[in-house]
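Everything in the sequence shown is counted per the UniProt record's numbering, starting at 1 for the first residue and increasing by one.
Where is the CB? At the ideal position from N, CA and C, for every residue including glycine.
Just so you know, these numbers come straight off a predicted model, no measurement behind them.
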Amino acid sequence: MENIIKELEEKFEKAYRLANEYGEIIGWVSRTSPSSISEEGGLVIFDVEPAIYFKDFIEIASPGSYLAVVDIKTCHIISLNIVSVERRDLLAELDLSDMYISVPNREVSGLLTRTRIKAKPLLAYDTSTDSVFIANYVIEPQSPVIRLKNSRIISKILGLPDNGLFIGYVTTGDRPIFDSKAILYLPLKALYQHVLVLGTTGSGKTTLLKNMISSINNNNSSNRGNITLLIMDPNKDYLTLFLKPTWDFSTLDSDLEKKMIENISSIISKTNGLTIILPLTKYSINNIINTEKNWAKTLKMIAEEYIKTTYIPIAEKYGWSIDLVNIRVAEEPYKTPLRYVEAILEVNYGDSKELNTLYIIPYGFRFTDFTSREFVSLNPYFTRQAKDSLSRLINYLRSMNVYLETIDDLYEILREARYRIYEKTEKTFSKQSRELDKEYVINLIKDLAIHKSTIENIIRQIGSLIDTGLFDIVVDDKSRDKYLQEPPIDMVMENHFKLFKGYPIVVDLEYLQEHSLADPEKVISIVAFRILNKVFEWKLVRTRQRVVTQPVIILFDEAHRFFPSKTSGREDYIEHVSSMIDRIARLGRARRLGLIFSTHSPKDVHDIILQLTNTKIILRMDKTQLSNLDIPSEYRELITRASDRVGIIKSHVLRTGYFTFRTPLPLAGHYDLSILE
1 MENIIKELEE
11 KFEKAYRLAN
21 EYGEIIGWVS
31 RTSPSSISEE
41 GGLVIFDVEP
51 AIYFKDFIEI
61 ASPGSYLAVV
71 DIKTCHIISL
81 NIVSVERRDL
91 LAELDLSDMY
101 ISVPNREVSG
111 LLTRTRIKAK
121 PLLAYDTSTD
131 SVFIANYVIE
141 PQSPVIRLKN
151 SRIISKILGL
161 PDNGLFIGYV
171 TTGDRPIFDS
181 KAILYLPLKA
191 LYQHVLVLGT
201 TGSGKTTLLK
211 NMISSINNNN
221 SSNRGNITLL
231 IMDPNKDYLT
241 LFLKPTWDFS
251 TLDSDLEKKM
261 IENISSIISK
271 TNGLTIILPL
281 TKYSINNIIN
291 TEKNWAKTLK
301 MIAEEYIKTT
311 YIPIAEKYGW
321 SIDLVNIRVA
331 EEPYKTPLRY
341 VEAILEVNYG
351 DSKELNTLYI
361 IPYGFRFTDF
371 TSREFVSLNP
381 YFTRQAKDSL
391 SRLINYLRSM
401 NVYLETIDDL
411 YEILREARYR
421 IYEKTEKTFS
431 KQSRELDKEY
441 VINLIKDLAI
451 HKSTIENIIR
461 QIGSLIDTGL
471 FDIVVDDKSR
481 DKYLQEPPID
491 MVMENHFKLF
501 KGYPIVVDLE
511 YLQEHSLADP
521 EKVISIVAFR
531 ILNKVFEWKL
541 VRTRQRVVTQ
551 PVIILFDEAH
561 RFFPSKTSGR
571 EDYIEHVSSM
581 IDRIARLGRA
591 RRLGLIFSTH
601 SPKDVHDIIL
611 QLTNTKIILR
621 MDKTQLSNLD
631 IPSEYRELIT
641 RASDRVGIIK
651 SHVLRTGYFT
661 FRTPLPLAGH
671 YDLSILE
């Protein structure tokens, strides 16, 4: 027995030493109430002295908060999650009935009692082996309970990933724990299994996403592995990523906000530039250039006008200045040449100056570059019959060397055929199509037995493609490169770090909406899905060639605009889109292609998005929107009452499954461009 006592004394001394080394002792596991463990889990009861309680009650005595205990018998450091807190007056401690009490009803000295706290053990950390495992044994009475101060150990015993995309800080409610030292990362592998970010307007979704993007930029600049980030931006929210962030602490807890920024700013910073894929239309070109065109001059003028209209208003609003230091038009040889504009900006913030680089890649379509299969898949609104018939028709025409120079040629010849076959009248061809053998084409349509309703769907949807303005844009009047060609997305991906310094790639879909006659939802989907498919094809081809490519993360902001719910009434579109994204998401996992979807409510997006995303980040939203999400009841109230930038993350890569978190103010430029209009 003496040997056991001696051994326990030595273990106690070691536990006490570890407790002081890794944290601050705030209490001891109770000697009068049993610690226990069962199939449902463990329970630890410990007491906190009144002086410690009143000093730090928010951190050490809030349900949902985290502490640690050093178990005497194992000397493992074990994380604790507080489940309940009990406070009793001194009279209750004496167990006296009210009828026998003669002292005054109010006596503050009666509050100087110990606080009893119940907590669940979570994970155990063995300091000798640096390993973490489930704490599936009972915790010994008299073990010291500590508030941790070592950020590395905090991450270890909470099962937090030690690298990845920065999410924020683990919280109790909306307040970071452990003095904002519990940093929450989402490992890159979780992105390959896709992420859904949810939250109502103003809840902090864009701020969270920009902080995640900034951590990708840090990952690239620190040479820990290059990652290509591609952003589908329908609202111009991400065009300011390279600008200096401005923070307003006037209505916030400034000390807390500054500490959260300070703790992460040394390892995460904004990008110094952007690669912008700029979808052009005939209408945007005509608004800028009315003189004779050549492609280099055209692209330069477009870039200058774009910078002027996008960034100068921000500078004027905030009292800055932005100067275009240098601009050049570049061309890289490829199957289709890659043409882009490099613009160097000097941004003067008053107290500092920065040089930033923008790479602007013009984007448009040339009809003759499309195979029949690519063309029919471009517009998700074609019916099944229309896709099949149009694909066969184009293949037959090309096999017989019937030359269609532009999409307008195809449109006019189909309209003529409709009038001749179904209306029994003749309509005059436009000038561009007069040289075609229209009789042959009309007879071919008859031979293919294309139904009248199918022809009408084909004509309507080709007309809507023409309305986008994306096709056959004249950028050079005299050379053989008359029309703007679609940039080779595979080459952009392959040379992202060589040519474009790895800067985030932003597809400016709002610019497209502003300069197109087509339905906004349709036109942004056409471009976004075309680029998505091109990236996926590049991944597949390089995989077959056994070439390892860099990870690619694609962000769909306002995801409901691309992947609407089944109740939106667009059945053919939804069927096409759901099957496409299902294939890309499932095959992309093994090829390091990850998708992030951001939207307001789970009910706004297609069910396939909920199924494909294994990580869900939920910021403030109405309780009625949570029915589609598997969220524990204790978190549901938090979601409805959460302050800005506070949320819950649910992921299989987290050892405990869930965490509440708070992300700091934006670490990259975050400006509402709509207020500048």
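- By the beta-carbon neighbour count (other beta carbons within 10 angstroms, threshold 16), Phe54 is exposed.
- Using a Cβ distance threshold of 8 Å, Ser565 and Lys616 do not count as a contacting pair.
- Inclusion of Ile584 and Leu499 in the CB contact set at 8 Å is not warranted, their separation being larger than that value.
- Excluding its 5 nearest sequence neighbours in each direction, Pro161 has C-beta neighbours in its own chain below 6 Å: Tyr185, Pro187, listed in chain order.
- Residue environment for Ile216: buried (at least 16 other C-beta atoms within 10 angstroms of its C-beta).
- Contact annotation, Asp622 with Asp233: C-beta distance approximately 26 Å; criterion of less than 8 Å not satisfied.
- Under the DSSP assignment, Asn348 falls outside any alpha helix (DSSP H), being part of the beta strand (DSSP E) whose first and last residues are 338-348.
- Contact annotation: Thr207 and Arg645 have beta-carbon atoms nearer than 8 Å.
- Residue state for Thr357 is assigned as strand, using DSSP reduced to three classes.
- Non-local beta-carbon contacts of Arg116 in its own chain, meaning distances under 7 Å to residues more than five positions away in sequence, involve Ile45, Asp47, Glu86 in chain order.
- Rounded to the nearest whole angstrom, the CA to CA distance from Leu148 to Val605 is 41 Å.
- When the Cα atoms are used, Gly173 and Leu191 turn out to be separated by approximately 26 Å.
- Around the beta carbon of Met212, 16 or more other beta carbons sit within 10 angstroms, so the residue counts as buried.
- In the three-state reduction of the DSSP assignment, Arg542 falls in the helix class, which pools H, G and I.
- A Cβ-Cβ distance of about 20 Å is found for the pair Phe536 and Leu470, leaving them out of contact under the 8 Å criterion.
- Thr246 and Gly669 have their alpha carbons spaced roughly 7 Å apart.
- Counting only runs of 3+ residues, the beta strand (DSSP E) found wholly inside the region 185-266 occupies 195-198, 228-233, in chain order.
- For Glu514, the closest of Ile505, Ile524, Val506 by C-alpha to C-alpha distance is Ile524.
- Under the criterion of beta carbons closer than 8 Å, Leu619 and Ser203 qualify as touching, at roughly 4 Å.
- At the C-beta level, Leu196 and Phe597 come within 8 Å of one another.
- Leu243 places its beta carbon 8 Å or farther from that of Val325.
- In summary, His652 is exposed, with fewer than 16 beta-carbon neighbours lying within 10 Å of its beta-carbon over all protein chains present.
- The alpha-carbon of Thr383 is positioned some 20 Å away from that of Pro520.
- Setting aside the 5 residues that flank it on each side, Tyr671 is surrounded in the same chain by Thr240, Ile314, each with a C-beta closer than 6 Å to its C-beta; the list follows chain order.
- Ser62 has its alpha-carbon roughly 20 Å from the corresponding atom of Val70.
- Cβ contact annotation for Gly64 (same chain, cutoff 6 Å, sequence separation greater than five): Thr172, in chain order.
- Under the three-state reduction of DSSP output, Trp28 falls in the strand class.
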